[in-house]
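Student: Under numbering that gives the first Met the number 0, read the sequence shown as residues 0 to 293, first letter to last. All residues carry an ideal CB built from backbone N, CA and C; glycine is no exception. Remember, it's a predicted structure, so these values are computed and weren't measured experimentally.
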Amino acid sequence: MAIRASTSGISSPIELREALVGAQYLAGDDLATAAYLALALGKPLLLEGAPGVGKTEAAKALAGVLGRRLVRMQCYEGIDASAALYDWNYPRQMLAIRQSTEAGLNLFSEEFLLVRPLLDALRSPRTTLLLVDEIDRADAEFEAFLLEFLSDFSISIPETGTVRADEPPVVVLTSNRTRDLHEALRRRCVYHWISYPDASLETEIVMARASSVARATAEAVVASVGLMRQEPLAKPPGVAETVEWAEAATLLNAQGARWPDAFRRAIGVAVKDQDDLLYVAPMLDRLLPGEAVQ
Numbered sequence: 000m001a002i003r004a005s006t007s008g009i010s011s012p013i014e015l016r017e018a019l020v021g022a023q024y025l026a027g028d029d030l031a032t033a034a035y036l037a038l039a040l041g042k043p044l045l046l047e048g049a050p051g052v053g054k055t056e057a058a059k060a061l062a063g064v065l066g067r068r069l070v071r072m073q074c075y076e077g078i079d080a081s082a083a084l085y086d087w088n089y090p091r092q093m094l095a096i097r098q099s100t101e102a103g104l105n106l107f108s109e110e111f112l113l114v115r116p117l118l119d120a121l122r123s124p125r126t127t128l129l130l131v132d133e134i135d136r137a138d139a140e141f142e143a144f145l146l147e148f149l150s151d152f153s154i155s156i157p158e159t160g161t162v163r164a165d166e167p168p169v170v171v172l173t174s175n176r177t178r179d180l181h182e183a184l185r186r187r188c189v190y191h192w193i194s195y196p197d198a199s200l201e202t203e204i205v206m207a208r209a210s211s212v213a214r215a216t217a218e219a220v221v222a223s224v225g226l227m228r229q230e231p232l233a234k235p236p237g238v239a240e241t242v243e244w245a246e247a248a249t250l251l252n253a254q255g256a257r258w259p260d261a262f263r264r265a266i267g268v269a270v271k272d273q274d275d276l277l278y279v280a281p282m283l284d285r286l287l288p289g290e291a292v293q
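1) Pick out whichever of 123, 33, 225 and 147 has its Cα sitting closest to the Cα of residue 70.
2) If we count the other Cβ atoms within 10 Å of its Cβ and call it buried at 16 or more, is residue 163 buried or exposed?
3) Using the Cα positions of residue 238 and residue 111, report the straight-line distance between them to the nearest angstrom.
4) Give, in chain order, every unbroken run of the alpha helix (DSSP H) that is at least 4 residues long and sits entirely within the segment 85-132.
5) Under a three-way DSSP split, which group does residue 249 fall into?
6) For residue 266, list the residues DSSP reports as bridge partners.
7) Residue 0: buried (16+ other C-beta within 10 angstroms of its C-beta) or exposed?
8) For residue 55, count neighbouring C-beta atoms within 10 Å of its own C-beta (all shown protein chains included) and say buried if the count is 16 or more, exposed if not.
9) State the Cα-Cα distance for the pair residue 116 and residue 129, rounded to the nearest angstrom.
10) Within the chosen definition, does the segment 239-253 reach the segment 214-227 through at least 3 CB pairs nearer than 8 Å?
11) Who does residue 181 pair with in a DSSP beta bridge?
12) Could you check how far apart the C-beta atoms of residue 47 and residue 176 are, in whole angstroms? I think they sit under 8 Å.
13) Residue 9 by DSSP, collapsed to three states: which one?
14) Counting pairs of Cβ atoms below 8 Å between the segment 57-65 and the segment 23-34, do you hit three or more?
15) Give the DSSP-derived three-state secondary structure of residue 193 in the structure shown.
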């Protein structure tokens, strides 16, 4: 196995973690180590965790740190190879046939090719980061197809030939674990589980991401969100909701709303499900902080 001594100047997990901080992504040592090893070993990075813990944001930050263009493939039920690899622009081909006076018109030239994310990453493995987002939403057949792609990093286009990456692209896969992924795909990757951050780290995330939130407000929101996550909610607030709630409550307070009413009025920024709102409504006085010092 070929080991990369350095990728874009990143030669250790510590350097990667510091670079991610510069990209406003606060990663723990374990995540920075997993990401570094994936880069060094030329293997995909598989990030699993509950929705809203920062898996997609980690891939975006990593692309920024490496100076690479993010190529995102959002998975969904029923996604197939044509949506992931390439397709032909049939309307444009038909128009070309009608307008052409040439006998040797090539309907399978580059101008008629619709490049999808996997082909895009294969063509530019040194300048892109491929994000396969929410792979658990795709079906088992597509997962098997993706496993083959990640093993060979090549595709065959019958009309034009085989496209093969001259080096493994940087690949990040995310999963909310709505279903178990096949063991073969897991073995192909460097794996990391992202949990909700602890209170101190989440407070630092709010301070780094929010525009004008006081630390006391950040700490109060983080404490409230931590309590909500202990309740049986259908959609517990993620880290992004924590940041947005702190900003929304701060905005309302600046416009005259007193604490904790500012938190209460902005609750729809944190809880985004009607049943969850009905569930937390009777316990808001317990969940919400009484004061947040500006």
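Tutor: Taking the coordinates as given:
1) Your numbering for residue 70 matches position 71 in the sequence shown. For the residues 123, 33, 225 and 147, the minimum Cα distance to residue 70 belongs to 123.
2) As a working note, residue 163 is residue 164 in the sequence shown. The Cβ neighbour count for residue 163, taken over all protein chains shown within 10 Å, is under 16; the residue is labelled exposed.
3) In the sequence shown, counting from the first residue as 1, residue 238 sits at position 239. In the sequence shown, counting from the first residue as 1, residue 111 sits at position 112. Between residue 238 and residue 111, the C-alpha separation is close to 42 Å.
4) Taken in chain order, the unbroken stretches of alpha helix (DSSP H) that lie wholly in the segment 85-132 and span 4 residues or more are 89-98 and 116-122.
5) The residue labelled residue 249 in the question sits at position 250 within the sequence shown. Assigned with DSSP and collapsed to three states, residue 249 falls in helix.
6) Translated into positions along the sequence shown, residue 266 becomes position 267. Looking at the DSSP output, residue 266 shares a beta bridge with no other residue.
7) Against the sequence shown, residue 0 aligns to sequence position 1. Interpretation of residue 0 is limited by its pLDDT of 49, a score under 50 that renders its predicted location unreliable; no figure is taken from the coordinates.
8) Counting from one through the sequence shown, the residue named residue 55 turns up at place 56. Flag for residue 55 reads buried.
9) Working through the sequence shown from its first residue, we reach residue 116 at position 117. Working through the sequence shown from its first residue, we reach residue 129 at position 130. A direct Cα-to-Cα measurement between residue 116 and residue 129 gives close to 7 Å.
10) Yes, they touch.
11) Position 182 of the sequence shown, counted from the start, is the residue given in the question as residue 181. Partner(s): none; residue 181 has no beta bridge.
12) Stepping through the sequence shown from its first residue, residue 47 is reached at position 48. Stepping through the sequence shown from its first residue, residue 176 is reached at position 177. That belief holds up - the Cβ atoms of residue 47 and residue 176 are roughly 5 Å apart, short of 8 Å.
13) Locating residue 9 in the sequence shown gives position 10, counting from the first residue. Here DSSP, grouped into helix, strand and coil, assigns residue 9 to strand.
14) When C-beta atoms of the segment 57-65 are compared with those of the segment 23-34, three or more pairs fall below 8 Å, so the two segments count as touching.
15) Position 194 of the sequence shown, counted from the start, is the residue given in the question as residue 193. Reduced to three states, the DSSP call for residue 193 is coil.
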